[in-house]
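These notes are about the structure you will find just below.
Residue numbers (my numbering), protein chains in the order written: chain A, 1 to 215; chain B, 216 to 321; chain C, 322 to 864; chain D, 865 to 1185.
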């Protein structure tokens, strides 16, 4: 692939700046779309947490707050670390991009591992909705709804994490090849937007899944 | 560098505040803190204000449509009166006693 | 100027890995034509079955699969990608005066996603079949259906990402790649329409995605999200489904309106009357179109408040549509009208869309909707919009831009004949269904009371004519590829930038970046410059 | 074809609304097509004399505002008119007779306040408000009565209400209008509106006729008989004997068999025919009936026969449409 700081013959753009701005704007537009994807889940949460409040809160109380909070901290840190990579990219410091990128991806992986542990616990406690669902009593229906939401939301968020980690590793590979320069580090920025967005979604999911209704 | 550290610190503090609010039972405060955390990420990490103006337009557009989805999507659920079939949903609806059913549904 | 995009590199590999928006448009054209043929076969079988009240041709189960197949294929594999994605891909950069779309690789990816989703959907539809209707209402689809819900739903989920990719591409392109001098109010109205469409692509499609994901989750694990026996709410599914599927109607109709604006202006040799109103009406349709979805649920058990709010908004959304219709008529007034095939299609669109829009008022009126909804009235209504409207516009657009796409002229006589035949066949097919609906004939019935037979036979007869009329363009377009007259650069004497390059255009679209100095549709100026007489002259190269 | 009857005052009001909508639509349609044709005739290329092109542009704002506000005004009027007729549906009168309706793949079960039960048939008195309480045992159905211009979805797990006051006696069709799976188009029923005295008499006889036939009717649908055999003279497939002979009026009639015998269709014949389907003379049906030996118990057979008997002697009055 050619050095990204030069426009090739067929590029639709006039200047590199023009192209980079378009890429960033395009990513924001895609993130707006992603927001609506999670928006559907938020709607489900909003409706059931209000119309089936008792059982919903019962479900919230059964989530593992410790793992949830630690994971939140990990994700905040990962997002911050990746932002270091973005800064390094703007300086043209390819080694810095690799270092920070690997750090961010590692933290992301740690999040997924912890999430897996949490899921494992929940499965063994029969918290996955179904005929053997662990919570009984009049609230069990709504608690099962909560856990449907919990599992789908964490699954979807987890898939976004996986994609994000993949993108970061790709950025690291490009950086190892010395692809980025002060004139051109747009892919690092664009992936950063995505990674921060995944973080942002978790900042909303965390209170919805672990906090609101717990006390 | 300093900016990132500051943002990180703010997020950690906000997380602590969120947990404290949960412990104290202030649901609204939790929501407010969550929104603040989102703002810190958008402004601090994603640096929306440094991006092209289009980014802001797109983000606000997404937010606006998200509001439509949540507001109008939940309107029906919050204004509906549901008359459940007695005997519990799990048993499957059986024909109930007359007295068990309210006069009007809607 | 270098060679045309069609022949620059003829290898299969170069086509399958192309990043040229024009070639991707052709890839889309090929795939959606195949899907259109498939969906039409479904329609034909449905109409054959309904010739007789007892429906002897198909079993109930096959009939149910057939209308599901027809709906799914036509909506997601033909209508949604027809004008917006196919013609849009070809035209957006050309109309902007750009070399390509903003993200050419993403564009190719979107075609591959589309094909993959199509194959997945077809796998589900033909290996096992699906009988839930294209609306997938729960709990039928989640718990009771014995059809292949999962592959079809996942296929449509994938299809959504294809739509989103295209939407992002168009929006960023229109913002970023306008040629020098191409201000927003100089954009062709087609681009305003495609911009509005793309907004819906980007913001509505993800909600369909998550809805179908929830449905798949529910079907796999029976967790109860939409299952009332487990405490879920099936109406929530409907709310979320229609949040996408109503705006999707505007995905299907807005680009058609854009095409008609282009055609009417060209063949009347006049600027579009009230340009800014037409432009903003596209945007307001896209915006208001998002807040009317609840009118699909007036009898579904939604609350009274919800119903009233959605009914009111539904009336509002028809105002900008009415603005467009009157502005097209205003454009014709005082023009110099030529009745070539594209114009015939455009006029067909205006008439049929008006019928569709007016019958939409019936369905927006709460009490009237209670009687008419879920009957053939609804079927007729949305076919007037989607087939009478969108497909007419699609064919009109294909005829109009065919010379630009292929460099060949289609045979004009046959084009006019097909346009007239489509108009006639369409009305014969669907007008009787309005009466059937008023009489109470429910939709999705494999068999029906004998009293409805006469109207059903009329409808089926119309469908036969329509089928012939749809095959005609396929034949003469194919013929024109080899035998058609060579097309000049600007056969219609139109003003858009796409007519300023050769037919077919070179890979890089323009030898040098065009500069725009006038408003769109500046025919007075153009005719004065080229010395064409103001009245009675017709176009410069009328073939 | 007979025009859809108006079996209630509400139906008439809806028809007036529809007529209003039709008139407005025709006016607009006339305008659009008229203008289109006029424009084509007047401004056809080559036919026109010189025309000032600029005229329209300057006037456009006035035109746009005028027709936009006119349209809005008309639409708002329509909205109010239609909404006020819709709201009525949410306010059932306090003295309405409450009848329970349960939808099930693919039949309607009706239960009256007095305990009478029916399948795929609803009897109501004329002139008295009736409130239906609708629910479903499985998927979403929709209870639609075109002659009364009303319908409502029928959801599992909750009651929906639908009320009306029928004013015209006769039989009218009911449909399921929400797609509910395989037998959707056969999930139809008959609404019979009777005058008060007939209704009282019917309630008494329905109580007397016992539940065996009702059980049989459920079996008739559940075992798949209704997929081929017509059993109601009003149902959509009433005239359809292409798959199998109609059951209406079969009991007590003479049947010509393939071996030339003509035999009286009595209870024993019906019983044996279900176990060993006989061949009829000159019959060419699209489907061949399987034996139900081992599938249905003797109790089931008794119930089925009891049901088939009800299809002959007490034929309900002629359908109104």
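Using N, Cα and C, we set each Cβ at its ideal position, and we do this for glycine too. A quick note: this is a predicted structure, and the numbers were derived from the prediction, not measured.
Roughly how many whole angstroms lie between the Cα atoms of residue 152/A and residue 538/C? Looking up residue 152/A in the first chain gives position 152. Looking up residue 538/C in the third chain gives position 217. The alpha-carbon atoms of residue 152/A and residue 538/C are separated by roughly 8 Å.
Just the chain A side, please: which residues come within less than 9 Å of residue 538/C by C-beta, in chain order? Here residue 538/C refers to the residue found at position 217 of the third chain. Under the 9 Å cutoff, chain A gives 148, 151, 152 and 155.
Can you check whether the C-beta of residue 266/B is within less than 9 Å of a C-beta belonging to chain C? In the second chain, the residue the question calls residue 266/B occupies position 51. With 9 Å as the cut-off, residue 266/B does not count as an interface residue toward chain C.
To which residues does DSSP link residue 982/D through a beta bridge? As a working note, residue 982/D is residue 118 in the fourth chain. Residue 982/D pairs with 974/D.
Could you tell me which chain A residues have their CB closer than 9 Å to the CB of residue 227/B, listed as they occur along the chain? Here residue 227/B refers to the residue found at position 12 when the second chain is read from its first residue. Neighbours of residue 227/B on chain A, chain order: 73, 76 and 77.
Spatially closest choice to residue 579/C from 649/C, 685/C and 760/C, by CA coordinates: The residue you call residue 579/C lines up with position 258 of the third chain. Among 649/C, 685/C and 760/C, the Cα nearest to that of residue 579/C is on 649/C.
Which residues in the same chain have their Cβ closer than 7 Å to the Cβ of residue 844/C, if we skip the five residues on either side of it in sequence? Working through the third chain from its first residue, we reach residue 844/C at position 523. Hits under 7 Å: 590, 591, 592 and 816.
DSSP beta-bridge partners for residue 1029/D? For the purposes of this step, residue 1029/D is taken as the residue at position 165 of the fourth chain. Note: residue 1029/D sits in a beta bridge opposite 993/D.
To the nearest angstrom, how far is the alpha carbon of residue 260/B from that of residue 430/C? In the second chain, the residue the question calls residue 260/B occupies position 45. In the third chain, the residue the question calls residue 430/C occupies position 109. Rounded to whole angstroms, residue 260/B to residue 430/C spans 29 Å at the Cα level.
Looking only at its own chain, which residues have a Cβ that is under 7 Å from the Cβ of residue 509/C, when we skip the five neighbours before and after it? In the third chain, counting from the first residue as 1, residue 509/C sits at position 188. Within the same chain, residue 509/C has close Cβ partners 416, 583, 817 and 841.
Who are the Cβ neighbours of residue 270/B in its own chain at under 8 Å, not counting the five residues just before and after it? The residue given as residue 270/B occupies position 55 in the second chain. These residues qualify, in order along the chain: 263.
Unbroken alpha helix (DSSP H) runs of length 4 or more, entirely within the region 425-491 of chain C: which are they? 425-447
Run through the DSSP bridge pairs and tell me what residue 835/C is partnered with. As a working mapping, residue 835/C is identified with position 514 in the third chain. DSSP, once it has assigned bridges, lists no residue as partnering residue 835/C.
Taking C-beta to C-beta, are residue 960/D and residue 1056/D nearer than 9 Å? Within the fourth chain, numbered from 1, the residue matching residue 960/D stands at position 96. Within the fourth chain, numbered from 1, the residue matching residue 1056/D stands at position 192. Contact: no.
Flag this pair as touching only if the region 1032-1047 of chain D and the region 883-892 of chain D have three or more C-beta atom pairs under 8 Å; answer yes or no. no
Express the C-alpha separation of residue 759/C and residue 412/C in angstroms, rounding to a whole number. As a working mapping, residue 412/C is identified with position 91 in the third chain. As a working mapping, residue 759/C is identified with position 438 in the third chain. Distance between the alpha carbons of residue 412/C and residue 759/C is about 42 Å.
For a contact meaning CB atoms closer than 8 Å, what does residue 653/C contact in chain D? For the purposes of this step, residue 653/C is identified with residue 332 of the third chain, where counting begins at 1. Residues of chain D passing the Cβ test: 899, 900, 903, 904 and 907.
Which class does residue 913/D belong to by DSSP, given the choice of helix, strand or coil? As a position in the fourth chain, residue 913/D is number 49, starting the count at 1. Residue confidence for residue 913/D is low, a pLDDT of 48 falling below 50, so the modelled location carries little weight; the figure read from the coordinates is stated next. Coil, per DSSP.
Below 6 Å CB to CB, which residues in the same chain sit around residue 875/D once its five sequence neighbours on both sides are set aside? Taking the first residue of the fourth chain as 1, we reach residue 875/D at position 11. 1012 and 1013.
Does the Cβ-Cβ distance between residue 671/C and residue 581/C come in under 9 Å? As a first step, residue 671/C must be located in the third chain, where it is residue number 350. As a first step, residue 581/C must be located in the third chain, where it is residue number 260. Between residue 671/C and residue 581/C, the C-beta gap is smaller than 9 Å, which places the two residues in contact.
Taking Cβ-Cβ distances shorter than 9 Å, what residues in chain A pair up with residue 843/C? Counted from its first residue, the third chain places residue 843/C at position 522. Those within 9 Å of residue 843/C in chain A number zero; the least Cβ separation is about 25 Å.
Count the CB pairs spanning the region 84-98 of chain A and the region 129-147 of chain A that are closer than 8 Å, and state whether there are at least three. no
Short Cβ contact (9 Å threshold) for residue 784/C with residue 368/C: Working through the third chain from its first residue, we reach residue 784/C at position 463. Working through the third chain from its first residue, we reach residue 368/C at position 47. Cβ atoms of residue 784/C and residue 368/C: closer than 9 Å.
On the CB-based measure, 16 or more other CB atoms within 10 Å of its CB, does residue 1145/D come out buried or exposed? Along the fourth chain, one-based indexing puts residue 1145/D at 281. By the neighbour-count rule (16 or more Cβ atoms within 10 Å), residue 1145/D is not buried but exposed.
Just mark residue 486/C as buried or exposed, buried being the case when its beta carbon has 16 or more other beta carbons within 10 Å. Translated into the one-based positions of the third chain, residue 486/C becomes position 165. Residue 486/C is buried by the Cβ-count criterion.
Chain D contact for residue 294/B (CB, 9 Å cutoff): Locating residue 294/B in the second chain gives position 79, where the first residue counts as 1. No, residue 294/B does not count as interfacial toward chain D.
Along chain C, which residues have their Cβ under 8 Å away from the Cβ of residue 12/A? By one-based count along the first chain, residue 12/A stands at place 12. Within chain C, the residues near residue 12/A are 414, 419, 420, 421, 422, 423, 425, 494 and 498.
Note down the Cα distance separating residue 899/D from residue 1049/D, rounded to an integer number of angstroms. Along the fourth chain, one-based indexing puts residue 899/D at 35. Along the fourth chain, one-based indexing puts residue 1049/D at 185. Cα to Cα, the separation comes out at about 43 Å.
Quick one: using the 10 Å Cβ neighbour count with 16 as the cut-off for buried, is residue 330/C buried or exposed? Along the third chain, one-based indexing puts residue 330/C at 9. Counting Cβ neighbours within 10 Å, residue 330/C comes out exposed, since fewer than 16 surround it.
Does the region 400-412 of chain C come close enough to the region 711-724 of chain C that 3 or more CB-CB pairs lie under 8 Å? yes
Residue 967/D by DSSP, collapsed to three states: which one? Along the fourth chain, one-based indexing puts residue 967/D at 103. Of the three classes helix, strand and coil, the one that applies to residue 967/D here is strand, per DSSP.
May I have the straight-line CA-CA distance separating residue 221/B from residue 206/A, to the nearest angstrom? Taking the second chain and counting its residues from 1, one reaches residue 221/B at position 6. Taking the first chain and counting its residues from 1, one reaches residue 206/A at position 206. In a straight line, the C-alpha of residue 221/B is about 22 Å away from that of residue 206/A.
Near residue 345/C, what residues of its chain come up, given a Cβ to Cβ distance below 7 Å and the 5 sequence neighbours on each side ignored? Sequence index remark: in the third chain, residue 345/C carries index 24 (1-based). Result list for residue 345/C: 339, 410, 428, 429 and 432, in chain order.
Does DSSP put residue 918/D in a helix, in a strand, or in coil? Walking along the fourth chain from the start, residue 918/D turns up at place 54. Below a pLDDT of 50, predicted positions are generally treated as unreliable, and residue 918/D, at 47, falls in that range; the measurement from the model is reported next regardless. The answer is coil: DSSP assigns residue 918/D none of H, G, I, E or B.
Could you please give me the residues that DSSP links to residue 1016/D through a beta bridge? Here residue 1016/D corresponds to residue number 152 of the fourth chain, with the count starting at 1. 1007/D.
Helix, strand or coil at residue 184/A [DSSP, three-state]: To locate residue 184/A, count along the first chain from 1; it is residue 184. In the structure shown, residue 184/A sits in a strand (DSSP, three-state: E or B).
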